[in-house]
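For the numbering used here, add 1266 to where a residue sits in the sequence shown, where the first one is 1.
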Amino acid sequence: MFKTMKYCPQWPSQGFLTLEESRNWMLSFVRFYNQEPRHSSIRFVTPEQRHDGRDKAIWQQRKQVYKKAREKNPLRWSRKFRNWVPVGSVALNPERELGAADCIKMAA
């Protein structure tokens, strides 16, 4: 998550003056990251919606909206519509994730 946070436009380029300031910024960032942007890797829901289990109901509702729109104007749809099937587990940076054994080997 550090890379995601570091490249956030609101990241203070001059650093933080106090520990309290850094903690407040982190709390604000984590709140934003989990509640605001809809992530493509989890089918355009927020991490909070995914974690709370609201994602399946949201996907079902979207599927119905797409279905009604297609029925109303079938010429608009040349292909299948977006996949709203629930996804399995996801990782923030899967190419960089290491198991505990890998970390121990690197530290040795």
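Just so it is clear, CB atoms sit at the ideal spot from N, CA and C, and this is done for glycine as well. Quick caveat: nothing in here was measured; it's all calculated off a predicted structure.
Length of the line joining the Cα atoms of P1313 and S1306
Their Cα atoms are separated by approximately 11 Å.
Anyone know if the C-beta pair for R1328 and W1350 falls short of 8 Å?
One thing to note: R1328 has its Cβ within 8 Å of the Cβ of W1350.
Just to confirm before moving on: does the CB-CB distance between Q1325 and P1303 stay below 8 Å?
The sequence given here has Trp at residue 1325, not Gln. No, the pair does not count as a contact, with Cβ atoms beyond the cut-off.
Where D1321 and Y1273 are concerned, what is the direct C-alpha to C-alpha distance, given to the nearest angstrom?
Rounded to the nearest angstrom, the gap between the Cα atoms of D1321 and Y1273 is 27 Å.
Give me the Cα-Cα distance between V1356 and I1308, rounded to the nearest whole angstrom.
Rounded to whole angstroms, V1356 and I1308 show a C-alpha spacing of 7 Å.
DSSP three-state label for V1311, please.
Correct three-state label for V1311: strand.
Terminal residues of the alpha helix (DSSP H) in which R1336 lies
Run containing R1336: 1321 to 1338, per the alpha helix (DSSP H) assignment.
Which residues DSSP lists as bridging H1305, in chain order:
H1305 is bridged to V1311.
Burial state of R1316, where buried means 16 or more other Cβ atoms lie within 10 Å
Per the 10 Å Cβ criterion, buried.
Does the distance from the CB of W1291 to the CB of P1278 come in under 8 Å?
Contact flag set, yes.
F1268 lies in the alpha helix (DSSP H); which residues open and close that run?
F1268 -> alpha helix (DSSP H) spans 1268 to 1272.
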